[in-house]
Amino acid sequence: MVAYLFGCELKDSATGLVAAAFMALVPGYMSRSVAGSFDNEAVAIFALVTTFYLWVRAVNQGTVASAVACAFAYLYMAASWGAYVFISNLIPLYVILMVAINRYTKRLYIAYTTLWAVRFIGFNHIVSTELLAWNAVFLGLQAWELVLFVRTKLGARMFERLLWLGASGLISAGAAVLSLLLLSGKLNPWTGRFWTLLDPTYAKKFIPIVASVWVTNEAYSSPSIVLISGSGANRHVLDDFREAYHWLHHNTKTDAKIMSWWDYGYQITGMGNRTIIVDNNTWNNTHIATVGAWT
15 MVAYLFGCEL KDSATGLVAA AFMALVPGYM SRSVAGSFDN EAVAIFALVT TFYLWVRAVN
75 QGTVASAVAC AFAYLYMAAS WGAYVFISNL IPLYVILMVA INRYTKRLYI AYTTLWAVRF
135 IGFNHIVSTE LLAWNAVFLG LQAWELVLFV RTKLGARMFE RLLWLGASGL ISAGAAVLSL
195 LLLSGKLNPW TGRFWTLLDP TYAKKFIPIV ASVWVTNEAY SSPSIVLISG SGANRHVLDD
255 FREAYHWLHH NTKTDAKIMS WWDYGYQITG MGNRTIIVDN NTWNNTHIAT VGAWT
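Counting from 15, one number per residue, gives the positions in the sequence shown under the numbering used here.
This is how it looks when you write it as structure tokens:
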């Protein structure tokens, strides 16, 4: 439904129907939602598409209400999956592109400024290098609005000189501040998820655990276990996971803290009703790495 609304907002109802059909049939999404093992992507992809739909709607309408609704969808996305950094970089990239091709409008300014001002993600937008573009584009928009205002008050020659002087100063100051923050350790370094946004093959090349996913999937995934364990015409399903969650629920204290690899975080919380050390949101990569070293 949201994919249909997204397509309608972009063009027309025909586009919406095509988008909804693709969303309903894409194997990667089906395997993590209605036709496979449930994971946080089942919720997160819905939140992702909803965020982009409301963003386009906010840009088209130029209203604060639509931008606030987009911020709520962004919160939902961030609460369900750590890949919300894609939104935090793609939307600023879209704004930069609109300015570069001379399609900047007041509606775009209202939409982005409102979305930035509703700070649901909080301090992460300041200390995380992955989200640096979020703040940089906001400051850039304010500077651009100032440029548009000053241009109406000055002559063409004076305005051009002032523009070059101001741009050079801002770039130099921004580079200096960024360098100081990185050297002082105030900003977290870019993680694999950010580099994957720029190069989709990055994870496969530089993160060994990703390269081993296929082998692990073939050996231990639910479909392969079901097929291999079957004999003749009989089908035998191994229900170890749910049995493990059931055991945790009945054999541990209600205030127990469960440490496991992050893949099972939401499932232990939802099906075992126990608090976990790390979950599928994966916003704290250092914490997850520490848990991985001890499990």
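By construction, the Cβ of each residue, glycine as well, lies at the ideal position given by its N, Cα and C atoms.
Checking 8 angstroms against the spacing of the C-beta atoms, do Y126 and F152 come in under that value?
yes
Tell me which residues share the same chain as L241 and place their Cβ nearer than 6 angstroms to its Cβ, disregarding the 5 neighbours each side in the sequence.
Here L241 scores only 48 on pLDDT, less than 50, and its place in the model should not be relied on; the value that follows carries that caveat. Here the set comprises nothing.
Cα separation between D254 and F60?
Answer to the nearest angstrom: the Cα atoms are 29 angstroms apart.
Which whole-angstrom value describes the C-beta separation of V70 and E23, a residue pair presumed to lie in contact below a C-beta threshold of 8 angstroms?
With a beta-carbon spacing of about 5 angstroms, V70 and E23 fall inside the 8 angstroms limit used to define contacts.
Do the CB positions of T289 and I272 come within less than 8 angstroms of each other?
yes
Indicate whether G180 and I124 have their beta-carbon atoms separated by less than 8 angstroms.
no
Suppose contacts are defined by Cβ-Cβ distances below 8 angstroms. Is M91 in contact with A58 by that definition?
yes
Just checking my contact of L111 with A87 at CB under 8 angstroms: how many whole Å lie between their CB atoms?
Not a contact, Cβ separation roughly 21 angstroms.
Rounding to the nearest angstrom, what Cα-Cα distance links Y234 and N116 in this structure?
A caution first: Y234 carries a pLDDT of 49, below 50, which makes its placement in the model unreliable, though a value can still be read off. Looking at the backbone, the Cα of Y234 and that of N116 are separated by about 52 angstroms.
Have a look at W276 and V292 and give me their C-alpha separation to the nearest angstrom.
5 angstroms
M44 to F36, Cα distance in whole Å?
Separation of M44 and F36 (C-alpha to C-alpha, rounded to the nearest whole angstrom) is 11 angstroms.
Suppose contacts are defined by Cβ-Cβ distances below 8 angstroms. Is V73 in contact with R121 by that definition?
yes
Using 10 angstroms around the beta-carbon of V191, count the other beta-carbons present and answer buried if the total reaches 16, otherwise exposed.
exposed
Using the three-state DSSP reduction, which class does C22 fall into: helix, strand or coil?
Helix.
Terminal residues of the continuous alpha helix (DSSP H) containing D254?
Looking at the DSSP string, the run of the alpha helix (DSSP H) that includes D254 is D254 to N265.
How would you call T268, buried or exposed, if buried means at least 16 neighbouring beta carbons within 10 angstroms?
Here T268 is exposed. Its C-beta has fewer than 16 other C-beta atoms within 10 Å.
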